[in-house]
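In my numbering, the protein residues as written are 145 to 258. Okay, so here's the structure we're looking at.
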């Protein structure tokens with residue numbers, strides 16, 4: 145099993161395919177368009193995604209370290225950190241799309257307008 149976790153041909157698709165549902169459920173949760181169990185799906189797949197990312201980074205450490213030695217990459221990383229902090233500071237407790245969700249409610253997969 146550990147041999148699989150260090151195989152790039154196994155890790156890369158797993159990272160990609162766990163990213164997709166995490167991204168989709170994250171966007172839906174941000175927009176307050178969720179169904180029962182979506183938060184659990186998002187959290188557990190997010191944990192799975194993070195775990196496989198750690199293995200992916202470990203296996204590709206030499207490539208990552210070369211990549212981050214470039215000035216452009218460090219600038220992009222700094223920008224990402226600043227934007228993440230900024231979003232955390234200016235974000236509201238209910239999210240930026242709260243005003244839209246007061247008008248729309250989803251019941252059993254059907255959109256109901258209030």
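Cβ atoms here follow ideal geometry from the backbone N, Cα and C, with glycine treated the same way.
DSSP three-state assignment for residue i, whether helix, strand or coil
i	result
residue 206	helix
residue 212	coil
residue 177	coil
Endpoints, the alpha helix (DSSP H) within which residue i is located
i	result
residue 172	152-174
Straight-line Cα distance separating residue j from residue i
i	j	result
residue 221	residue 215	10 Å
residue 180	residue 165	15 Å
residue 208	residue 197	12 Å
residue 226	residue 151	33 Å
residue 117	residue 169	What the structure shows of the chain is the stretch from 145 to 258, and residue 117 is not part of that stretch, so it cannot be assessed.
residue 195	residue 177	27 Å
residue 159	residue 167	12 Å
residue 212	residue 224	14 Å
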